[in-house]
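Presented below is the structure to which this report refers.
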Amino acid sequence: MVKLDYKHRQAGHCESGVTSNLLNYYHFQISEPMVFGIGAGLFFSHLPFLKMQHAPTTSFRVWPGMVFNRSTRALGITTINHRFRNPKDAMNRLNEVLDQGIPVGLQVGTFHLPFFPPEYRMHYNMHNMVVYGYDKETYFVSDTLMEPVVEINYDDLARVRFAKGPFAPQGRMYYPVKIPAEVDFKPAIIKGIRKTANNMIGVPFPLIGVKGIRYLSGKMRQWERKLGPDKASYYLGQVLRMEEEVGTAGAGFRFIYGAFLNEAADVLNQSWLREISFEMGENANKWREFSYLGSRNCKKRGKPEQSYDFLADMLLEVADREEKIFRKLAKIN
Amino acid sequence: MEENQNPVYKNKDYGQSRELLYSYENDGQYKKTVGFHGEPDRIILQQAWDLFGERIEDARKRVKAGKVSPVVYYMEKNLLDPMNLGMIAGISLWRVKWHFRPVVFNRLQEKTLKKYAKAFNITIDQLKNIE
Numbered sequence: 001m002v003k004l005d006y007k008h009r010q011a012g013h014c015e016s017g018v019t020s021n022l023l024n025y026y027h028f029q030i031s032e033p034m035v036f037g038i039g040a041g042l043f044f045s046h047l048p049f050l051k052m053q054h055a056p057t058t059s060f061r062v063w064p065g066m067v068f069n070r071s072t073r074a075l076g077i078t079t080i081n082h083r084f085r086n087p088k089d090a091m092n093r094l095n096e097v098l099d100q101g102i103p104v105g106l107q108v109g110t111f112h113l114p115f116f117p118p119e120y121r122m123h124y125n126m127h128n129m130v131v132y133g134y135d136k137e138t139y140f141v142s143d144t145l146m147e148p149v150v151e152i153n154y155d156d157l158a159r160v161r162f163a164k165g166p167f168a169p170q171g172r173m174y175y176p177v178k179i180p181a182e183v184d185f186k187p188a189i190i191k192g193i194r195k196t197a198n199n200m201i202g203v204p205f206p207l208i209g210v211k212g213i214r215y216l217s218g219k220m221r222q223w224e225r226k227l228g229p230d231k232a233s234y235y236l237g238q239v240l241r242m243e244e245e246v247g248t249a250g251a252g253f254r255f256i257y258g259a260f261l262n263e264a265a266d267v268l269n270q271s272w273l274r275e276i277s278f279e280m281g282e283n284a285n286k287w288r289e290f291s292y293l294g295s296r297n298c299k300k301r302g303k304p305e306q307s308y309d310f311l312a313d314m315l316l317e318v319a320d321r322e323e324k325i326f327r328k329l330a331k332i333n
Numbered sequence: 001m002e003e004n005q006n007p008v009y010k011n012k013d014y015g016q017s018r019e020l021l022y023s024y025e026n027d028g029q030y031k032k033t034v035g036f037h038g039e040p041d042r043i044i045l046q047q048a049w050d051l052f053g054e055r056i057e058d059a060r061k062r063v064k065a066g067k068v069s070p071v072v073y074y075m076e077k078n079l080l081d082p083m084n085l086g087m088i089a090g091i092s093l094w095r096v097k098w099h100f101r102p103v104v105f106n107r108l109q110e111k112t113l114k115k116y117a118k119a120f121n122i123t124i125d126q127l128k129n130i131e
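Heads up: the sequence lines are chains A and B, in that order.
So the first sequence is numbered by our numbering: it starts at 1 and just counts up by one.
So the second sequence is numbered by our numbering: it starts at 1 and just counts up by one.
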């Protein structure tokens, strides 16, 4: 039996929470927003041709796995990433690593996770959690989405690690192995901010970044006419679910990113960053307001200030705000 | 947003877990709070469950009427779409759609039925006769 002295802390976003908790286990103090910012997690894309749960996909974050990889690489931390072909090898390797006293991050599919709250019951293969010990068939799990620590048995764990479908985890496990004694946060932060700014305003493709928000706004105006009221309302609901529900800590990661800019202002000693972090906070509140009014719309309390046109105008305003913010952030050095 | 107040859902199993949320006050403070879902979140989640419920019920009726094969019912019940089902069962998308016809489904080989049964985590008997 192995049970490491791992400190479970709840977090807003699964991957950056897992990364921050894993690094904190080695007494490397780093907060969740910091990981998220350095890993350049903020993003926006609207892909109408890719359907998820019968509605177009809207994403507020980068590809899964990137936050961990980017943030640890930028900080000079050596990590190990494994994928497996067969569940038995994957589980044996997990046990070996745990025996060495290393907590392990896992990528899992959420549909068959037994402890997961039923409102998140969907086929989502990019969830992250940490296993910090095992006792025969029982594994001790710290899932940052959950308030308490939880347990899972061998068969279930093998099953969720080898969930099939799009973005299959293939038993992916990862852990930091070597952390340098002294880490300079400054270049990592600057690099992360530049990367995010580039993702949001520098990609010459209309579905991504600030342009993506404007594109979604344009599409939204057509929904009611093209799809009818029921489907339009479901499509709007899907955007809001992606923004608020799937482990985003609110407003599609905008709050986390604002908190990161606030911390970065202290570390870099640049006070203009703090002003931008306030702008980001106001922008996030605007997103919040959008989701509030949008949810009223979904409940079919049709008032003029909750119509699709009004919501689309709101998105345009948000896009302008974000463009302004990231134009300023792109000049960081 | 409501805080620390467990909202009542149509289904009592839902909304039992608390989540960590970040927020920003206009005086320049970022705060972390642990709380239940607020009302807007509840509405949009309920909307999704309602849709899935309707789709499952609709699929059940169509299977009973003999219009589609039981694969459709189990697909809806597992919140899948044809593409995901194909990836999970290891059957190509076009074959999955082909198997939605009752006539085709009835003459399927044992091998293929097994693949579906494994994907849905049920027995072949259950797959052939829906409740």
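Just so you know, even glycine gets a beta-carbon here, dropped at the ideal spot from N, CA and C.
For residue j and residue i, believed in contact at Cβ under 8 Å, the rounded distance
i, j, result
"Glu93(A)", "Gln170(A)", "Per the sequence presented here, residue 93(A) reads as Arg, with Glu not at that position. Incorrect: roughly 13 Å between the Cβ atoms, too far for contact."
"His8(A)", "Val149(A)", "5 Å"
"Gly39(A)", "Arg85(A)", "28 Å between Cβ atoms; not a contact."
"Tyr154(A)", "Met91(A)", "7 Å"
"Leu127(B)", "Ala117(B)", "5 Å"
"Ile208(A)", "Arg327(A)", "Wrong, their Cβ atoms sit about 16 Å apart, outside the cutoff."
"Phe115(A)", "Met146(A)", "7 Å"
"Ile179(A)", "Phe28(A)", "5 Å"
"His123(A)", "Asn84(B)", "6 Å"
"Val210(A)", "Glu322(A)", "5 Å"
"Tyr174(A)", "Phe68(A)", "6 Å"
"Pro82(B)", "Lys97(B)", "6 Å"
"Ile276(A)", "Leu329(A)", "6 Å"
"Phe260(A)", "Gly37(A)", "3 Å"
"Leu45(B)", "Glu32(A)", "The pair is not a contact, with the Cβ atoms about 24 Å apart (cut-off 8 Å)."
"Pro87(A)", "Ala158(A)", "4 Å"
Strand pairing of residue i, partner residues [DSSP]
i, result
"Thr204(B)", "With chain B running from 1 to 131 in the structure shown, residue 204(B) is simply not present."
"Asp46(A)", "The identity of residue 46(A) in the sequence shown is His, whereas the question assumes Asp. DSSP output for His46(A) lists Thr58(A) as bridge partner(s)."
"Asn333(A)", "In the DSSP output, where bridge partners are listed per residue, Asn333(A) has none listed."
"Pro176(A)", "Thr79(A)"
"Leu142(B)", "No answer is possible for residue 142(B): the residues shown for chain B start at 1 and end at 131."
"Ile208(A)", "Ser45(A)"
"Asn153(A)", "Thr138(A)"
"Gln29(B)", "Glu25(B)"
Residue i (DSSP reduced to helix, strand or coil)
i, result
"Ala55(A)", "strand"
"Glu2(B)", "Confidence at Glu2(B) is low in this model, with a pLDDT of 44, below 50, so the placement of that residue should be treated as unreliable; the coordinate-derived value is given next. Correct three-state label for Glu2(B): coil."
"Gln170(A)", "coil"
"Asn78(B)", "coil"
"Gln238(A)", "helix"
"Lys3(A)", "strand"
"Asp58(B)", "helix"
"Asp50(B)", "helix"
"Glu132(B)", "What the structure shows of chain B is the stretch from 1 to 131, and residue 132(B) is not part of that stretch, so it cannot be assessed."
"Gln270(A)", "coil"
"Asp184(A)", "coil"
"Glu263(A)", "helix"
"Ala92(B)", "Looking at the sequence shown, residue 92(B) is not Ala but Ser. Residue state, collapsed to three classes: coil."
Note down, one range per segment and in chain order, each beta strand (DSSP E) of at least 3 residues found wholly within the segment 77-148 of chain A.
Runs of the beta strand (DSSP E) inside the segment 77-148 of chain A: 78-82, 104-108, 127-135 and 138-142.
Would you call the segment 102-112 of chain A and the segment 121-134 of chain A touching, i.e. three or more CB-CB distances under 8 Å?
In short, these stretches touch, since the Cβ pair count reaches three.
Are the segment 233-248 of chain A and the segment 49-63 of chain A touching, with three or more C-beta to C-beta distances below 8 Å?
By the criterion of at least three beta-carbon pairs nearer than 8 Å, the segment 233-248 of chain A is in contact with the segment 49-63 of chain A.
Would you check if there are 3 or more beta carbon pairs closer than 8 Å linking the segment 190-197 of chain A to the segment 114-123 of chain A?
Judged by Cβ distances under 8 Å, the segment 190-197 of chain A makes no contact with the segment 114-123 of chain A, as fewer than three pairs qualify.
Is the segment 258-266 of chain A close to the segment 311-319 of chain A, with three or more CB pairs under 8 Å?
Three or more Cβ pairs closer than 8 Å define a contact, and the segment 258-266 of chain A falls short of that threshold against the segment 311-319 of chain A.
Across the segment 278-287 of chain A and the segment 217-230 of chain A, are there enough close Cβ pairs to call them in contact, namely three or more that are closer than 8 Å?
By the criterion of at least three beta-carbon pairs nearer than 8 Å, the segment 278-287 of chain A is not in contact with the segment 217-230 of chain A.
Does the segment 74-90 of chain B come within contact of the segment 158-167 of chain A, defined as at least 3 CB pairs closer than 8 Å?
They touch, by the three-pair rule.
contact_flag[the segment 41-51 of chain A, the segment 71-78 of chain B] where n(CB pairs < 8 Å) is 3 or more
Taking 8 Å as the limit for Cβ pairs, the verdict is that the segment 71-78 of chain B does not touch the segment 41-51 of chain A.
Tell me, please, whether the segment 19-27 of chain B touches the segment 244-254 of chain A by the rule of three or more beta-carbon pairs shorter than 8 Å.
Output reads yes: the segment 244-254 of chain A touches the segment 19-27 of chain B.
Three Cβ pairs or more, each shorter than 8 Å: is that satisfied between the segment 96-103 of chain B and the segment 53-71 of chain B?
The answer is yes - the segment 53-71 of chain B touches the segment 96-103 of chain B, with three or more Cβ pairs under 8 Å.
Count the CB pairs spanning the segment 28-47 of chain B and the segment 56-63 of chain B that are closer than 8 Å, and state whether there are at least three.
Touching, no.
Alpha helix (DSSP H) segments (min. 4 residues) lying fully within the segment 2-36 of chain A:
If we require 4 residues or more, the alpha helix (DSSP H) runs fully inside the segment 2-36 of chain A come out as 14-25.
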